[in-house]
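Protein chains in written order, with full-length UniProt numbering: chain E, 1 to 492; chain B, 1 to 540; chain X, 1 to 289; chain A, 1 to 315.
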Amino acid sequence: MKLWKTILAATVLALATGTSAFAARTDLVIGIPLEPPHLDPTAGAAAAIDEVLYANVFEGLTRIGPKGEVLPDLAESWTISDDGKTYTFKLHTGVKFHDGTDFDANDVKFSLDRARADNSVNAQKGLFAAIDKVDVIDPATVKVTLKNPQGSFLYNMGWGDAVIVAPETADTNKEKPIGTGPFKFQSWAKGSSITLVKSDNYWGTPASLDKAEFRIVPDAAAYVPALLSGDIQAFPFFDPDSLAQVKDDPRFKVVIGSTEGETILSINNKKPPFDKLQVRQAISYALDRKAIIDGASAGLGLPIGSHMSPANKDYFDLTGRYPHDVAKAKELLKEAGLENGFKATLKLPPPGYARLGGEIIASELRDIGIDLEIIPVEWAQWLDQVFTKKDYDLTIVSHTEPNDIDIYSRKDYYFNYDNPTFDKVIADLNLTSDEAKRNELLGQAQKILADDAVVGFLYELPKVGIWDAKLQGLWENAPIQANDLTKVKWSD
Amino acid sequence: MSLLEIDNLSLTIGDTPILKDMELSVAPSEVMGLVGESGSGKSMTALTVMRLLPHAARATGRISFDGIDILAATEDQMCALRGDDIGMVFQEPMTALNPVKTIGEQVAEGIRWHTKASRAEAEDRARKMLDRVGLPSAKFPLSRYPHELSGGQRQRVVIAIACALKPKLLIADEPTTALDVVLQAQILDLLRDLVAESRMGLLLISHDLAVVTEMADRITILRRGEVMEAGDTARTLSEQSHPYTRQLAQASMHVPARARPHGAGSGQALLQVESVTRDYPGRRTSLLWRAPDIRAVDDVSLSIAPGRSIALVGRSGCGKSTLARMILALDRPTSGTIRFRGETITGKSEAELKPARRDMQVVFQDPYGSFDPRQRVEKLVAEPLHLLEKKPTRAERREMVAHALHEVGLDQRDMDKYPHEFSGGQRQRLSIARAIITRPKLVVADEPVSALDVSIRAQILDLFAELNQKLGIAYLFITHDLTVARAITDEVLVMHDGMIVERGKTNEVFDHPRSEAAQALVTAAPDLHRAIARRMQEQG
Amino acid sequence: MTLHIDIPEETLSDILAKAFRNSAFVAGFVITLLILAMAIASYAWTPYDVTRLVISDKTQAPSLAHWFGTDHFGRDILSMVMVGARNSIAVALVAVGIGMGVGVPVGAFAAARGGLVDEALMRVNDLVFAFPALLSAIMITAIFGPGAVNAIIAIGIFNIPVFARVARAGALAIWPREFILAARAAGKSSTQITVEHVLPNIATLLLVQGTIQFALGILAEAGLSYLGLGAQPPMPSWGRMLFDAQTRMVVAPWMAIFPGMAIVVTVLGLNLLGDGIADILDPKSRRQR
Amino acid sequence: MTTYLLKRLAIALATLVLASMVVFAVLEVLPGDPARLMLGMNASADQVELLRNQMGLNAPLVLRYLRWVGGLFSLDFGRSYTYSVPVIDLVRERLAVSLPLALIALALSTIIAIPVGLFSASRRGRAGDTVAMGAAQLGVAVPNFWFALMLIYVFAVWLRLVPAGGFPGWGAGVWPALKSLLLPAVALALPQAAILARVTRSALIEVLNEDYIRTARAKGLPYRAVLWRHALRNAMIPVLTILGLQFAFLLAGTIIIENVFYLPGLGRLVFQAITQRDLIVVESVVMLLVAAVIAVNLIVDLSYAVVDPRLRSRQ
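This is the structure in structure tokens:
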């Protein structure tokens, strides 16, 4: 036995030296759940693209800050005409792309025209719909004229899909992204990791990290061991389900923030029996939001009553509209002539909130006689069957795009909801840019959605971040799906 | 002092007794014959001497070899003896050699292991040894593999391995049982020469009295693990003082009483075979062409009259079984026609063959292989009834099976038993019952008694003779054993390399064989009478 | 590589007597019986209702109230293991049934006909073998949607070539036997011979291979439901219980231990049963892997 | 010998063509539209249609099949929908993980299993045999993803000897890359070693009953020499068959292990491609795996002939 012990001791020594020694570190390994399909934010909807590149490699005219506020970025300052239709942006000078070429107004015109062109493959083409024309005044000034005033235009220019690219490298960004940000792209091992390094010709305050590696960890089971073994030092979007194992560990900091994500039980409003208001209201009464949050999100995330995130300034608390009341729910079902319940399907996309939340909701609806058959689907199938063909009864999804209450007014949207009064409110909202007026209209919109019980409003998706206790500067909230590393550094 | 002395040796495997107080001794350059029927424990004696017994075996008593106490020897001591001082030859040549090693390696291995000779030296001695056993290196280089040799040649390699180091004692356990008569004679001659040349002691184990009589100076007769009688071969077999010895000797020479076959020889031929040939495709030696076809049966013509009993005799591989299968329409001839009861049966479909099959059935050699162990006797014996126009009812079927069992000397109640509940002899009776249940006109018997012990063989031959008398069934007997042919058949056809080289009345052909192949068969076939007579003459 | 079959020469009573002296058989038989009893019992009674979620008492350690503790939704793990047994066994059993039902006739037919038919069938067999089983199972469930039924089909398909090969090897060892020639001499067609003589003699071989494929079926079902493609909630399945447990290994180890043990014990039981049967009935037959 | 080789080759090609048709047909039936997935929820229907044309998804079925098969021969599998990169580059990257992982696992499995099989065959029925075979039974019964989790928590989290997962890439040096493949290889090797040990044992026991073993012992060779010089080589054929099957499984059957250790292997590439309806990747990689299996079978067949001379002269 003695020999065996010495051999084990020797191997432990040899292997241990392999792990990194603890000097003041300037490198960081971040864990992300999904691998971006490619590295061009202007040509794909996948959130993973922005998680790696937004504010790190690419920059837009404006930028959205940690609290969702609009900050200047490549545009140093701007003036808005009285009728709110023309914006004149004053650009920073001496800015260079990572390939050394200069940045000026022409790149802005190229980027905006490219995004709103007919054959554009930009996933958020709607953001640029309001633009009438873009004029270059001089290399440092660009004038944008809108068809009609748009309150959210500056915010829209802060989206990942609105970053500024150079004409020469626009087509190759998918493989070799060239931007103006503090970090530049180094390498991409498909299926494994994406590495960024500090840009040596950055126009603004340089980043404190020299190297940032985004490592792809698809399986939640692997998050915890990766953290505990020191392979990965930060998970900005950690899986709440695995939190229990690490939250009391002094080596790590757990930061709970908010996102713009409204997690909802979407209902196909045209498909019987869901076309009856009493049935939808019965569902809302049957839902116990607290149990869902405890079971599916480890108790994190705030309940919501309508389609607005509590982190948003225009949030109206309507959670009281449908308190958890099984008796009321059964009564409503009797009114709708369905007292002995009915069968329906519940299609669940891959994320944890859906797969876990789905089981709890199925159990809760079973208490009032609605027997749900759970059908897990991949995103491709969900988009095809639910989103495009509307072939579904119920589904669970979290809408993470900011300020997206207008989706209920879109024709042919997968809710199959059609309410002219609601559409009128949204139309007025688009035309006004006065804050007080917008707040009042948004309130009306939220109230209508709650009264119509268009969907089952569940909770605001929490941003569960966990990283090394000695790491500073990572965002607490996620107003948009991004990991802004510009301010991140090690404390000791 | 004798080379090998065994006294009151008892052996049990697990809890079944194998040998009881056995005595035996072999002197240098003496041939001791050990005779016994299957299950008598003769092979186990050899394995006990070699100490190659299974784990559960327990041996008591004394075995001394050249002064060494075998039972007390350590495994290392035994390893030193085996292959060097004691050599052993086994029964089944086809599986006795390692298929993936060359014959050179297998012969040289023993030499190198015992004498630490160099590879070249060992191979040279191996080449000499193989030459000595009749496998000249010109035709049989060391690089040949066992599957490239025939059964007889492989047995010669086994003998070469056993005698490579000039052992003091050679044990041969049924060395020629799996070989045909001519090959058997050659191997026995080889053994006799080797024993004489290096003054070896030979312990020859066999169930065939005639073989032992020709070879052995002294003889020990074993029955269920006990020695019945031992002594000088000629005197023991001629005086036959012990009743079991007498029974064995008589059974070996038994000829069933055959009155005139009833209504024989008249009328139209039952079976007419006209210039039948059967070719098998040669091995494909390369992509473009293959070796020339092998002609198993070459332009054979014969006819069998109703009730006649014909023998088809020849060395193994002469094509007799192939011919039998074609007659039974279990194999299609390449050319030529076979007519049965006047209708041609070659080239007919299974349905058309049904009436013909009803009148011809088959009995096989291996009593254990010819019955499906999963079925009851009733269903097995009744299988040919499938050929009847009208399917018999269950009761009719049981009645017909009972009748058939009675005819072959078995009891009605045996119908509900399974095959494994019967002895070898009884199973061969079941096989015959199956063959006669549809009252066939012709029964083809392919080596029906060669797997049976001598005493049982005699009873089965009597049964065949009796059925020929009572039911007038014609037989086509296929055998390589001339005593069986002489005992049971009227005419004989001698086959050699696919052709019938001689035909005629059985006794006439065997007494004065004209064709060269027939002569070789007759001279090689061991005959107990002749062997005893010659032994008596030698001792004067 | 033909299979050498020595057909046993014993009556049923001898076999049973030998069976209960064979330790592998006894152990395997007892374990399999226990698991089956647990599965059947779960239809009538389980300590708690597996469909009721009680979030308030989630991830409780094993206690008198909950012998195996509770999972992340407060469900009783013992009850889920019992009901999960029902699902795993059903999937594996039917999958073996499909494998045998299709594979054995194909294998027997190929052995009986020989020549081109045999060659063609064996090529198709090799083709199915060539497809990576797990990947193809995922493709099947992706096309027809996950669920116990599709898992059965996916696993069943990949049992077919195994049984076809075993049945063909077994039949090829029987066809040259003399009692087959005797049956041909009695005018029986190759199909009749296959049914009456060949199949009964390779039955034990198939039974042994059946237990092995049954055990592999349990593991395959666990793998598929681990990937979320097996039986869907509220029907519990051992594989998905392991998946749910892995993010709580440190905090709630019992969530991983009990379903894992259930899988190990069931597969172990079945393999021992297979070994036992093989040793008892066909001491000299070599089991195809 | 050559006819044996050519015949097997012809069969292999026929199986490959058949496989390509089956794979292509199966994937045409797969529901879900890759273009819609790439553009997300906010893109309009005509934008999706535009992308479908750009990607050639609307071309007639037969044309796409022929174009794809044509590409197969020149190793140009076409471009992946999601990664918009030649599939062959993707596959080459992933093979750099899957191939070494499979080889290490196979080596581990063989090194453990053959001696154990030999040991328990030579001590058949005695204590050593029952213990070894008991362990083998357990090895087969443990689901490998459960075993993997145990390994991670012991060796990566607690002892911190090896990384808990991920693959640093061969660029980061051979030793770190090997270290990251160590645990997954052990997790994969265990069940395979258990199966291989049982097969080796039963094959050896079968051979030890043969007559030529008795002839060898009668030559005076001690038991150990008989085992190594005569029994082992004859038992190789069933062992080789199992090794062939195992290598084929290790190439593509390791999705779950690749998930647990988040390794960028071939299995996960195809699994993700299926979920993202990246048909070109699925078709090409499955074809590659089928071809690999057929090649492995061919090699196993040839190795039979090397081991057993009887097969060499067979027509």
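Backbone N, C-alpha and C fix where the C-beta goes; we use that ideal spot for every residue, glycine too.
As the structure is a computational prediction, the values presented were derived from the model and not from experiment.
Check                                                                                                                                                                            : Outcome
Below 9 Å on C-beta distance, what does Gly253 of chain A contact in chain E?                                                                                                    : Under the 9 Å cutoff, chain E gives no residues; its nearest Cβ is about 17 Å from Gly253 of chain A.
Determine the burial state of Lys348 of chain B: buried for a count of at least 16 other Cβ atoms within 10 Å of its Cβ, exposed for fewer.                                      : exposed
Mind checking who Phe58 of chain E pairs with in its DSSP beta bridge?                                                                                                           : E:Tyr54
Please list the segments of the beta strand (DSSP E) lying wholly inside the stretch 210–255 of chain E, counting only runs of 3 or more residues, in order along the chain.     : 211–216
Suppose the cutoff is 8 Å on Cβ atoms and the five residues either side in sequence are ignored; what does the same chain contact list for Pro351 of chain E look like?          : Ser398
Please list the segments of the alpha helix (DSSP H) lying wholly inside the stretch 425–484 of chain E, counting only runs of 4 or more residues, in order along the chain.     : 435–452
Please classify Gly282 of chain B: is it buried, with 16 or more other beta-carbons within 10 angstroms of its beta-carbon, or exposed?                                          : exposed
Taking the alpha carbon of Ala164 of chain X as the point to measure from, which residue in X:Ala19, X:Phe109, X:Ser79 has its own alpha carbon closest?                         : X:Phe109
At a Cβ cut of 7 Å, what residues of the stretch 219–249 of chain E count as close to chain A, listed as they run along the chain?                                               : Asp219, Ala221, Ala222, Pro225, Ala226, Leu228, Ser229, Asp231
With a threshold of 8 Å on Cβ separation, who are the neighbours of Arg233 of chain A within its own chain once the five nearest residues in sequence on each side are excluded? : Val307
Mind checking which residues open and close the beta strand (DSSP E) that includes Ser491 of chain E?                                                                            : Unbroken run through Ser491 of chain E: none, as it is neither H nor E.
Using only alpha-carbon positions, find the residue among B:Asp511, B:Ala518, B:Arg535, B:Arg486 that is nearest to His254 of chain B.                                           : B:Arg486
What do you reckon, is the C-beta of Arg94 of chain A under 8 Å from a heavy atom of the ligand MG?                                                                              : Ligands displayed in this structure: none; no statement on the ligand MG is therefore possible.
My assumption, with CB atoms under 8 Å, is that Ala142 of chain X sits in contact with Ile255 of chain A. Please give the rounded CB distance.                                   : Ala142 of chain X to Ile255 of chain A, Cβ: 13 Å. No contact.
Since Lys343 of chain E sits in a beta bridge, which residues does DSSP pair it with?                                                                                            : E:Asp371
Suppose you measure from the CA of Val23 of chain A to the CA of Asn98 of chain B; what does that come to, to the nearest Å?                                                     : 45 Å
Mind checking Val195 of chain X: buried by the 16 CB within 10 Å criterion, or exposed?                                                                                          : exposed
Can you tell me where the alpha helix (DSSP H) holding Lys18 of chain X begins and where it ends?                                                                                : 12–19
Tell me, to the nearest whole angstrom, how far the beta carbon of Pro462 of chain E is from that of Ile256 of chain E; I am working on the premise that it is less than 8 Å.    : 6 Å
Phe97 of chain E by DSSP, collapsed to three states: which one?                                                                                                                  : coil
Identify the continuous alpha helix (DSSP H) that holds Leu190 of chain B and give its terminal residues.                                                                        : 181–197
To the nearest angstrom, report how far apart Arg52 of chain A and Gln209 of chain X are at their CA atoms.                                                                      : 48 Å
Counting only beta-carbon atoms, is Ala123 of chain E nearer than 9 Å to chain A?                                                                                                : yes
Please say whether Pro31 of chain A and Gln385 of chain E have beta carbons closer to each other than 9 Å?                                                                       : yes
Measure from the C-beta of Ala142 of chain X to each C-beta in chain E and report whether the shortest distance is under 9 Å.                                                    : yes
Answer with buried or exposed for Pro34 of chain A, where buried requires no fewer than 16 other C-beta atoms within 10 angstroms of its C-beta.                                 : buried
Helix, strand or coil: which one does DSSP assign to Lys411 of chain E?                                                                                                          : coil
Compare the Cα-Cα distances from Arg374 of chain B to each of B:Pro392, B:His420, B:Arg332 and report the closest residue.                                                       : B:His420
Going along chain B, which residues have a C-beta under 8 Å from Leu18 of chain A?                                                                                               : Chain B residues near Leu18 of chain A: none, gap ~24 Å exceeds 8 Å.
Under DSSP, the beta strand (DSSP E) around Tyr322 of chain E begins and ends at which residues?                                                                                 : Per DSSP, Tyr322 of chain E belongs to no beta strand (DSSP E) and is neither H nor E.
Since residue 555 of chain B is in the alpha helix (DSSP H), which residue starts that stretch and which ends it?                                                                : A query on residue 555 of chain B cannot be resolved here, the shown segment of chain B reaching from 1 to 540 and no further.
Assign Ala21 of chain E to one of three DSSP states: helix, strand, or coil.                                                                                                     : In this prediction, Ala21 of chain E scores a pLDDT of 49, lower than 50, which makes its location untrustworthy; the coordinate-derived value is nonetheless stated afterwards. Three-state DSSP puts Ala21 of chain E in coil, outside helix and strand.
Mind pulling the chain X residues with CB within less than 8 Å of Ile216 of chain E?                                                                                             : The premise fails here: Ile216 of chain E is roughly 18 Å from chain X at the closest Cβ pair, so nothing lies under 8 Å.
How would you write the range of the alpha helix (DSSP H) that Lys354 of chain B sits in, first residue to last?                                                                 : 350–358
By Cβ distance below 6 Å, which residues in the same chain neighbour Lys425 of chain E in space, the five residues on each side in sequence not counted?                         : Before going further, note that residue 425 of chain E is Val rather than Lys in the sequence given. Only Leu441, Gln444, Ala445 meet the Cβ criterion.
Can you tell me whether Leu372 of chain E is buried or exposed? The criterion is at least 16 other CB atoms within 10 Å of its CB, across all chains shown.                      : buried
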